[in-house]
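Enquirer: Residue 1254 is where the sequence shown starts when you use my numbering, and the numbers rise one by one after that.
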Amino acid sequence: MSQINFRINKKDLEIYKEIAESEGFSVAELARKALFKEMKKERLEYAFKLLNKGSCGFKRAFIVSGLSYHEFMLEWAKRDAKEVIPDHIFEKHLKKAIDYDISRLINP
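What follows is the structure, given as structure tokens:
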């Protein structure tokens, strides 16, 4: 696990301490919850941006999104998303498929 540090003024810190105490958790947990809530939309947009550019596949986009599988699939359908396979990867796998000796499967 990693840590993120940032500075806030003393007045804000006192208010956040009061809020955290009233909710029964630490200021760090309050900040963590706020960060995750605020970044949810950005993570989703970034995941589909990577997917549309062909920079990642379905699985990586799903992980980056931070959504549950069901939520991700709903978003996938809503956006009519497609997994983009870069040409160099497609050609590499096509060459392997063409060069594969299928007779090994037919006559074992």
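All C-beta atoms, glycine included, are put in the ideal place defined by N, C-alpha and C.
Thinking just about the alpha-carbon of each residue, which of Ser-1356, Ser-1279, Ile-1316 and Phe-1343 is nearest to the one in Tyr-1299?
Expert: Ile-1316
Enquirer: Just tell me which of Ile-1268, Leu-1304 and Phe-1278 has its CA closest to the CA of Ala-1334.
Expert: Leu-1304
Enquirer: Go through the segment 1254-1303 residue by residue and report every complete run of the alpha helix (DSSP H) that reaches 4 residues or more, in order.
Expert: 1263-1276
Enquirer: Quick check on the DSSP output: the alpha helix (DSSP H) that includes Val-1337 runs from which residue to which?
Expert: From DSSP, Val-1337 is part of no alpha helix (DSSP H); its letter is neither H nor E.
Enquirer: Would the segment 1318-1328 count as touching the segment 1286-1297 if we require 3 or more Cβ pairs under 8 angstroms?
Expert: The answer is yes - the segment 1286-1297 touches the segment 1318-1328, with three or more Cβ pairs under 8 angstroms.
Enquirer: Specify the secondary structure class of Asn-1305 as computed by DSSP and reduced to three states.
Expert: helix
Enquirer: Helix, strand or coil for Leu-1327 per DSSP?
Expert: helix
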